[in-house]
Amino acid sequence: MANIEETLIPKIGVITDVRIDTPDVKTFRVVTPDGKKAFDHKPGQCAMLSIPAVGEAMFSITSSPTNTEFMEFSIKKCDCVTEWLHQAEVGQQITIRGPYGNPFPVDDEFAGKDLLFVAGGIGLAPLRSVINYCRHYRDRYGKIDIVYGSRSKADLVDYNEIITEWVTDDGIDVHLTIDNAEEGWDGHVGFVPNYVKELGFDTNKTVIICGPPIMIKFTLEGLMTLGYEKTQVYTTMELRMKCGVGKCGRCNIGDKYVCKDGPVFRCDQLEELPDEY
Amino acid sequence: MRKCKTDALDAVFAEIAKSSLLYIPTDTEKGAEYKKWSDGMKMSNALNTVRSPKDFFFPQTEDLMEFKVNGKEIEVIDTRSEKEDFVVFGVRACDVKSFEILDRVFLIDPCDSYYANRREHSTIVSVACTRPVETCFCQTFGIDAAAPEGDVSCWKTDSEVYFKANTPKGEALLAKLEGITVDADDKDVTAQQEKTREIMKKLPLAELSADKFGAGKTEEFFNAPEWDELSESCLGCGTCTFVCPTCQCYDIKDYNTGHGVIRFRCWDSCMYSDFTKMAHGNPRLTQKERFRQRFMHKLVYYPSNNDGLFSCVGCGRCLAKCPISMNIVKVMKTIGKSE
Amino acid sequence: MQKVTSELLVKKASELLENGTVTRVLGWKKGEFSYDLTPAVFESGEELIKDFVFSDFSGANFSKYLIKETKKADGKVLVFLKPCDSYSFNQLLTEHRFDREKVYAIGIPCEGMADVDKIKKNVGDGIIDIISDGDRIVVKTLYDGDKEIAADDVKAERCIVCKSKKCVAYDELLGDNGEVIDSERFDEVEKLEKMTDDERFAFWQNELSRCIRCNACRDVCPACTCEKCVFDNPKSGVENKAISDSFEEKMFHIIRAFHVAGRCTDCGECSRVCPQGIPLHLLNRKFIKDINEFYGEYQAGAEIGSRAPLVNYTLDDIEPVDAVKKGEADNA
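Written out as structure tokens, the structure is:
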């Protein structure tokens, strides 16, 4: 019995680095106690992190699978588990299990395509894994555009990586925007959906979008006006989960379980689901 | 097929109990309950137990693992242990079918080892119904109350008990009973079955059909205006969920014992307001949406993922127990617009 | 058993709908069988004629539904109050839980409700129909034909020990009002008091061990009207759907009994809805009995605005030490 693998029983992870990204987002680097990656994953997949007696919650793995040394999780402070993690220090152990969910189709539908990433706020976290995977295998993809916006400059997640790495890559255009003008910001000011429309992309791109529901809604409308089809747009969803493997029933919408049939959905597939997300 | 005299049933129980734990439904002041057999305990003639037998495989609460926390360090302790072999004797056809419905959730990859361990160690002896009641509607879901499945099927007539093994586990069990049972033909069983099937045809819910429901019917029923009226007086309690043999949603929680942390799971209900609640909102804000989820899951979503199999077995427990007497039969008749 | 007929109530409700006094009616809706009535909102005379039923199975107390129903729409809602329901109605008003102006209440007499489980125990399986005929009940069965039983033999426990036939709240009363009854409702409590500690512990252990934490008792209880129950709040530290140990199981019911003490009108809905047949009302009744003995007779909901003894300190209040002594004396 004890040698039958049980997905609900987690491994131990050690926090080896805590990076303050924004006033309410921290990025945690996690390895096993012997310094290895806890498990392999694909871009867009998730992991269950927990602290005993505090709780367990599902998080996007924000580091790229091409990183063979560690995993990273960019986590916004909002409830019990995240609050607890935000006060954790380097050396703290947590538990980790996964990977869960389906990945973005980076090796299939995305291959050879021009890619447009659209993210708002903490919505960049699940896309960072995909972006860095595509950067790693740069020649497998066409042109890459990234539109990313947040409330203010300070709220842009991964700002350092964006400025020092993404912006300097060939064939990648990064379009940053913040909601309101502020001192020391000479970039674009305005909401993400409007910016996407202003930029007026060619409709041959595959779009990967993540952010607050209202941003997704208006960006989608904008893309449709530009002439995009829903079949070109992918997103990733968040629902309450407990088991992560389609059994506990929490994330059931229609005949899908977001933890195992998602979290990645193409927008036309999403439309077939009852409106309960 | 084998048989023994009805008064030899005590000997049958004693023989089974020699090599494994044995549970039988027995009468209590509050209705029939599965209890661990002990000498002299009589099997209930009640149609069904108050609580469904899902507890045997998916108990109300179950410890999953333990943690020891020492400063920044955590130790995970796998507390799983091999279960003892056990026999559940006297499961009705509807409840036996519920195990298949649960299997399709817990045993698919990645297999739930807690559930699987109990399933592997169990032998199910079913018993055919002879006196179905007004709340029975197993036939709506293609279940034959007169021919229950299970490792061993059993029929009780006035003077005799007949056994038929359906699986290797069942054969092994009957082999142990060889000294108590004798070979039998199926004449009396067939006669009993015919009689029961005639009664089934006359039950008040005999005409209830699930044909309108099933895989791919989300669009047809999800936005039906009748959900408002059906859910109007729902209390949002978990009675229907917890008495249901097929409801299997669960919560995972931690319990700090003071010298360690036990992670356990417990039954949960999609009828509860916090079931889908997240830090930033709740996609099912009103009771109507939660109510709809439960019935859509049983009648549409589950069949979509399981070759058309409904996740209701017509046992009638929710009909008897809902505080406001709202139930799947009323839902099917109203939403399916059939009488 | 009931002297008031469905027809009379339908006629009354239809008139009030028609003349605009009310816009909707809370009532018991016909079920699949004769005993499974569902609380429902009726909006027209046709709906009432088709589905409204008042019978020996109209046990559901509508008072708590008024909280939700009065907020739903403008216009008044008609509610029928049996005497015991009217106490819950007053208690909810005392606690400012709904707007009285949005309710038209009709007090109706009640002869006591039947307990379908008792009928099943009496006549056996397979009930096709139940017909009340004065003091007798005729049960049509699947297997044994028609069976006649005395209505009193299948009366619900809470009705056998009915505390009052008097409607204490109404805009209009059908028939004559009844009287408060000097009932024997505390007899069962006294039996529990006479047990030794160990016996009593074993009694509750046995009863509460069957609890499945479905929360039906709480959700139906007219005294449980918190917007957010502590047992639903993950931050409370006591939020659990099921037990992590058996101690918590007992605590849930005991804490709930404490919480409703002094406010519980003894309507008995908790025990009626319990799917596991736990006599939860006995916990509440023990509190009521103690309050009566310590602070003088008090009936929650007897009048609007009454101050429950537990929230109304007076110099005459019993000293805690004397209360303990009394408890010990009861046990002796």
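Protein chains in written order, with this note's numbering: chain A, 117 to 393; chain B, 1423 to 1761; chain C, 5 to 336.
Beta carbons are placed, not taken as given, at the ideal position from N, Cα and C, and that holds for glycine.
Just so you know, these numbers come straight off a predicted model, no measurement behind them.
Looking at residue j and residue i, is the spacing between their C-beta atoms short of 9 Å?
i                  : j                  : result
Leu13 of chain C   : Gly24 of chain C   : no
Ser1466 of chain B : Ile1446 of chain B : yes
Ile1546 of chain B : Val1527 of chain B : no
Gly182 of chain C  : Pro87 of chain C   : yes
Val165 of chain C  : Glu188 of chain C  : yes
Ile325 of chain A  : Phe226 of chain A  : no
Lys142 of chain A  : Arg135 of chain A  : yes
Pro221 of chain A  : Tyr350 of chain A  : yes
Thr1640 of chain B : Lys1720 of chain B : no
Phe186 of chain A  : Val146 of chain A  : yes
Val1509 of chain B : Leu1443 of chain B : yes
Leu272 of chain A  : Leu292 of chain A  : yes
Ile260 of chain A  : Asp230 of chain A  : yes
Ile1684 of chain B : Asp1485 of chain B : yes
Met1718 of chain B : Gly370 of chain A  : yes
Phe1563 of chain B : Lys1598 of chain B : no
Glu115 of chain C  : Ser275 of chain C  : no
What whole-angstrom Cβ distance do residue i and residue j have, given they're in contact under 8 Å?
i                  : j                  : result
Cys1671 of chain B : Pro1745 of chain B : Contact flag wrong, Cβ pair sits at about 20 Å.
Ile1757 of chain B : Phe1643 of chain B : 6 Å
Ala241 of chain A  : Ser190 of chain A  : 4 Å
Ser1548 of chain B : Lys1427 of chain B : That pair is no contact at about 20 Å.
Ile120 of chain A  : Ser1535 of chain B : 5 Å
Ala1632 of chain B : Phe1732 of chain B : 6 Å
Glu172 of chain A  : Ser179 of chain A  : Glu172 of chain A to Ser179 of chain A, Cβ: 20 Å. No contact.
Ser266 of chain A  : Gly237 of chain A  : 5 Å
Ala2 of chain C    : Arg260 of chain C  : Given a span of 5 to 336 for chain C in the structure shown, any question on residue 2 of chain C remains unanswerable.
Over what stretch of residues does the alpha helix (DSSP H) that includes residue i continue unbroken?
i                  : result
Met117 of chain C  : Element bounds for Met117 of chain C: n/a, residue is neither H nor E.
Gln1614 of chain B : Lys1609 to Lys1624
Cys1740 of chain B : Arg1739 to Lys1743
Met408 of chain A  : Limits of chain A in this structure are 117 at one end and 393 at the other, which puts residue 408 of chain A out of reach.
Tyr69 of chain C   : Tyr69 to Lys76
Arg28 of chain C   : Element bounds for Arg28 of chain C: not the alpha helix (DSSP H) but the beta strand (DSSP E), Arg28 to Lys33.
Tyr1724 of chain B : Tyr1724 to Asn1727
Thr143 of chain A  : Not the alpha helix (DSSP H): Thr143 of chain A falls in the beta strand (DSSP E), residues Val141 to Val147.
Please classify residue i: does DSSP put it in a helix, a strand, or coil?
i                  : result
Cys375 of chain A  : helix
Cys274 of chain C  : helix
Asn339 of chain C  : This structure cannot speak to residue 339 of chain C, because chain C is shown only from 5 to 336.
Leu386 of chain A  : helix
His157 of chain A  : coil
Phe317 of chain A  : coil
Pro324 of chain C  : helix
Pro215 of chain A  : strand
His291 of chain A  : strand
Leu146 of chain C  : coil
Cys196 of chain A  : helix
Phe1479 of chain B : coil
Leu1630 of chain B : coil
Tyr393 of chain A  : coil
Glu1437 of chain B : helix
Gln209 of chain A  : strand
In terms of residue numbering, what span does the beta strand (DSSP E) encompassing residue i cover?
i                  : result
Thr1545 of chain B : Ser1544 to Ser1548
Leu82 of chain C   : Val81 to Leu85
Ile128 of chain A  : Lys127 to Thr138
Cys163 of chain C  : Looking at the DSSP string, Cys163 of chain C is not in any beta strand (DSSP E); the run it does join, the alpha helix (DSSP H), is Glu161 to Ile164.
Gly49 of chain C   : Taken as a continuous stretch (DSSP letters only), Gly49 of chain C belongs to no beta strand (DSSP E), being part of the alpha helix (DSSP H) at Gly49 to Asp55.
Val107 of chain C  : Val107 to Gly111
Ile134 of chain C  : Ile131 to Asp137
Met164 of chain A  : Cys162 to Ile167
Tyr299 of chain C  : Premise fails: Tyr299 of chain C lies in the alpha helix (DSSP H), His285 to Tyr299, not in any beta strand (DSSP E).
Val1446 of chain B : Before going further, note that residue 1446 of chain B is Ile rather than Val in the sequence given. That run of the beta strand (DSSP E) goes Leu1443 to Thr1450.
For a minimum of 3 consecutive residues, which ranges assigned as the beta strand (DSSP E) are wholly contained in the region 238-288 of chain A?
The region 238-288 of chain A is shown to contain whole beta strand (DSSP E) runs of 3 or more residues at 260-266, in chain order.
Taking only runs that begin and end inside the region 166-230 of chain C, name each unbroken beta strand (DSSP E) of 3 or more residues, in chain order.
You should have found no qualifying run.
Please give me, in chain order, every unbroken run of the alpha helix (DSSP H) with length at least 4 that falls completely inside the region 298-351 of chain A.
As far as the region 298-351 of chain A is concerned, its whole alpha helix (DSSP H) runs of at least 4 residues are 308-315 and 329-342.
Segments of 3+ residues assigned as beta strand (DSSP E) that fall wholly inside the region 1496-1538 of chain B
Segments of the beta strand (DSSP E) lying fully in the region 1496-1538 of chain B: 1508-1513.
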